[in-house]
Amino acid sequence: MKRNTIRHSALSLAIGLGLSVPAVHAQQARTEIDVTEVEVEVVEDGRATTLDAITVTARRRSESIQDVPVAVSAFGEEQLKDLQASNIDGLQGAVPNMNIVQGRGSANSVNVFIRGIGQPDALQTFDPGVGMYVDDVYYARINGALFSLFDVQQVEVLRGPQGTLYGKNSTGGAIKIATRNPFDDTGGAAELVVGGDGRREGRFYVGGQLGETVAASVALAKIDNDGFIHDPDSRRTFNGDDTFAFRAKAVFQPTDGFRATLSVDRTRQDTDLTVGHPTAPLVATDLVLGPVVLKPAPTGEYDFRTRTSFAPWQGQEMTHTGVSLTAEWDLNDNLLLKSISAYRELQTHSFIDIDASEFELGDVLVALDQDQVSQELQLQYDNGGNLQATFGLYYMKEDVPSYQEAYADDLFFNGGVPVDFLRTIDDDLSTTSKAAFAHFNWEFAPTWTLAAGVRYTEDEKDYTRSTSTFWASDSLFLGVLPFSALNETVAFQARQKWSAVTPSLSLHKAFSDNASGYVSANRGFKSGGFNGRANSALETTAAVFDPEFVWTYEAGFKFRSGDGRLQANVAAFHSRYEDFQARVSEVLNPDSPTPTFSFPVLNAAEMEINGFEFEGVARLGEATTLSAQLGWTDASYKNFADLRTTDPTNPAYDPTLHAHVPFTPDWTARVALQHAFSLGGSGTLTLGGDVSYRGDTWLSVDNRANLMQEAYTLVGLYGVWDSPQYVWQVRAGVRNLTDEVYKVEGQEFSSVGNIQTAYYGRPRDWSLSVRYNF
-18 MKRNTIRHSA LSLAIGLGLS VPAVHAQQAR TEIDVTEVEV EVVEDGRATT LDAITVTARR
42 RSESIQDVPV AVSAFGEEQL KDLQASNIDG LQGAVPNMNI VQGRGSANSV NVFIRGIGQP
102 DALQTFDPGV GMYVDDVYYA RINGALFSLF DVQQVEVLRG PQGTLYGKNS TGGAIKIATR
162 NPFDDTGGAA ELVVGGDGRR EGRFYVGGQL GETVAASVAL AKIDNDGFIH DPDSRRTFNG
222 DDTFAFRAKA VFQPTDGFRA TLSVDRTRQD TDLTVGHPTA PLVATDLVLG PVVLKPAPTG
282 EYDFRTRTSF APWQGQEMTH TGVSLTAEWD LNDNLLLKSI SAYRELQTHS FIDIDASEFE
342 LGDVLVALDQ DQVSQELQLQ YDNGGNLQAT FGLYYMKEDV PSYQEAYADD LFFNGGVPVD
402 FLRTIDDDLS TTSKAAFAHF NWEFAPTWTL AAGVRYTEDE KDYTRSTSTF WASDSLFLGV
462 LPFSALNETV AFQARQKWSA VTPSLSLHKA FSDNASGYVS ANRGFKSGGF NGRANSALET
522 TAAVFDPEFV WTYEAGFKFR SGDGRLQANV AAFHSRYEDF QARVSEVLNP DSPTPTFSFP
582 VLNAAEMEIN GFEFEGVARL GEATTLSAQL GWTDASYKNF ADLRTTDPTN PAYDPTLHAH
642 VPFTPDWTAR VALQHAFSLG GSGTLTLGGD VSYRGDTWLS VDNRANLMQE AYTLVGLYGV
702 WDSPQYVWQV RAGVRNLTDE VYKVEGQEFS SVGNIQTAYY GRPRDWSLSV RYNF
């Protein structure tokens, strides 16, 4: 046998994370880097005989990924391809107890829940519950976070509260993306992809050293597909993509003790609408004649056909631009200073057909012009033995001015005469976030390690909002007043500051060289905010909502067999979640069809969340790999302060309205199998597939039966041919082989036109790619 060494970079030198990494292809492209080393036993025909034995130096000392007390999943470039994931939502099904899907009605946003915690409303006045990072830079909005995975080296998904080691605090977890480093990922690659629904993609990367001290890289991606939802009358297609993405990096290393990376990126998207499907009757209000059913409830299985009231030129546009500079200084043998400076801009101009029909009931324009500047400083200490520490300061300033219009010309009638309705909204949210954190890792006795951290966060928000309504009709209101008399403007301004101390503590025990266990406790904090849908003067008096807090207690066990052919990680957790920020749709009287336009945000709930997670991978024989993930979550409300569920005299009383925690299935599971066939001098052929399962999932805070997705199973298959020297790669795959029809997201605005819109996952889809490495 001969031994090959494959090396991959960790995402951040500030965190020491255990990576639950599935086995990589033995044919994966080889790169060199000094952060994480992976050694794979390889037989002469190129097939691996053991699983990856990974050594990380993320805490500036070598340690096995199995020794770090963190529940985390990690995916390299080849694993992402095996998942057939071209965007970050392709991780759906691959991580226990995570729900990650394209955001409702948006081509550029992502909705993420981990262990029952996330952001249940897409409005910009809410903060994400799961932190999103690219090269250690925090992305403050879920808009623009549906990343195209075109130059990714590794993706890590951390489960549970984060914040004492890096970046922004988060309650649910963090997703960290690391892009390629030109000092390590030298050479280049060009890839072309075709597939179903007019899929056409091109990706290109080139990087390398320009001298002994400088390296640079350029990555490009052009992604097009026509979409999988059709209007049979106009022949328009929806839910497609048209994106161009670019990233350039320059790395400077003039001495062994200093490194700096400058990165510039830009993403431009211009596509048609992302539409869903109405699941309940759409109802208009006639002020004289009563309710009018515009569209009855659908029957039968969804056929991916739809109509819209928007014109072809009313689509969705996004421009996302950023620049960052990361610098590291080795002050001496024990101290490292790290600086992460970043500036980002996000502009969106998106029309969203919330009612998903040819009627104007909930049609909106949402235009954001966000910018953020952030600065993080870390001082890392390692005594070379039993003590490591990280001290950090974090600052972020974000401004999110937005303009919105809501169109509802089909929502009101007056004795059969249409009443035009327009609402305009101008608002501006400014956030200043400051934090200081510290974390210590102390091996106080052989095989025993205590880790403790604490973070102080102070968030200050300044919000202004003005909304105006415009009514117009050829008739008079009940024959007396002109409709223009109903026009009004509601405005308010608020400023609020919140602070929190969030500690973390863990105890780790190494039972042997191949087995370890840990217990941990972590507190998470998510800032309060303002109701960006306060449409009446009364609602402005209660427009502020408070922060969320969560305590998560976890126990884990990590095992690797002595022969390196089996690896398994298990974690169990218990979370106490307080002051859940719930946006509800207030229906004052279900017998009245008159819209209330009321969408209060309540610190409504206390939750208890219990769960279990398993991730395992086994090498069977010399060329077969079996991997599995299993997650179980039992999330329940211990209290939900909503009069509609607690007051039987309320006309809208429904004790089942909050019976289920949204976006949190009880079971998630996946099994994947792959086998490599040696073709001798003709290369290697790898065949693989996976089956994933997701339990019943409720897609709205107000539990509507129409917006519940019953349990379903998805199947994927792929085949990969690699040339003998890994110069060429041809890959073919199919997703959703059984053509399952399933919902992934929901829009619940029952108080306006009875809107209950579901968004569906992609039907059966195929792809074929050719890649050339140079």
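So for the sequence shown, the numbering used here puts the first residue at -18; every next one is plus one.
The beta-carbon is built from N, C-alpha and C at its ideal position, and this holds for glycine as well.
Relative to residue 86, the option among 726, 749 and 74 whose CA is nearest is 726. Cβ-Cβ distances below 6 Å link residue 440 to 414, 479 and 508 in the same chain, with the five nearest sequence neighbours on each side left out; the list follows chain order.
Counting other Cβ atoms within 10 Å of its Cβ, residue 753 stays below 16 and is therefore classed as exposed. By the Cβ neighbour-count rule, residue 468 is exposed, with fewer than 16 other Cβ atoms within 10 Å of its own. In the DSSP assignment, residue 100 falls outside any beta strand (DSSP E) and carries neither an H nor an E. In terms of CA proximity to residue 136, 57 leads the group 129, 430 and 57. Residue 365 carries a coil assignment under DSSP once its states are collapsed to helix, strand and coil. Taken in chain order, the unbroken stretches of alpha helix (DSSP H) that lie wholly in the region 571 to 627 and span 4 residues or more are 624 to 627. Within the same chain, Cβ atoms closer than 6 Å to the Cβ of residue 186 are found at 132, 169, 170 and 200, the five residues on either side in sequence being excluded. For residue 58, the secondary structure class from DSSP, reduced to helix, strand or coil, is helix.
Cβ atoms of residue 564 and residue 102 come within 8 Å of each other, at about 4 Å. Here residue 735 is buried. Its C-beta has 16 or more other C-beta atoms within 10 Å. If you ignore the 5 residues before and after residue 62, its C-beta comes within less than 7 Å of the C-beta of 712, all in its own chain and listed in chain order. In this structure, residue 694 sits away from residue 722, with a CB-CB distance that is not shorter than 8 Å. Ranked by how close their Cα comes to the Cα of residue 273, the residues 539, 302, 394 and 301 have 394 in first place. DSSP places residue 726 in the uninterrupted beta strand (DSSP E) bounded by 724 to 730. Here the C-alpha atom of residue 311 lies approximately 28 Å from the C-alpha atom of residue 55. It is roughly 38 Å from the alpha-carbon of residue 385 to the alpha-carbon of residue 503.
Take the alpha-carbon of residue 314 and the one of residue 531: they are about 38 Å apart. Residue environment: residue 550 is assigned as buried (16 or more neighbouring CB atoms within 10 Å of its CB, all protein chains considered). CA-to-CA, the gap between residue 732 and residue 633 works out to about 11 Å. One thing to note: residue 222 has its Cβ within 8 Å of the Cβ of residue 204. Within its own chain, the residues whose Cβ lies closer than 6 Å to the Cβ of residue 715, once the five positions on either side in sequence are excluded, are 698 and 747, listed in chain order.
In terms of Cβ geometry, residue 234 and residue 289 do not form a close pair [threshold 8 Å].
Of the other Cβ atoms in all chains shown, fewer than 16 fall within 10 Å of the Cβ of residue 476; this residue is therefore exposed. The bridge partners DSSP lists for residue 700 are 668 and 713. Residue 48 and residue 128 have their C-alpha atoms spaced approximately 30 Å apart. Per DSSP, residue 88 is not a residue of any alpha helix (DSSP H), being assigned neither H nor E.
The residues 354 and 413, in chain order, have a CB closer than 6 Å to that of residue 378 in the same chain once the five nearest residues on each side in sequence are set aside.
In the three-state scheme derived from DSSP, where H, G and I count as helix and E and B as strand, residue 409 is classed as strand. Residue pairing from DSSP leaves residue 468 without any beta-bridge partner. A straight line joining the alpha-carbon of residue 462 with that of residue 402 spans about 16 Å.
With 16 or more other CB atoms across the displayed protein chains lying within 10 angstroms of its CB, residue 578 is buried.
Between residue 324 and the set 197, 162, 423 and 116, the nearest pair of CA atoms involves 116. Here the alpha carbons of residue 97 and residue 638 stand approximately 18 Å from one another. The beta carbons of residue 582 and residue 536 sit no closer together than 8 Å.
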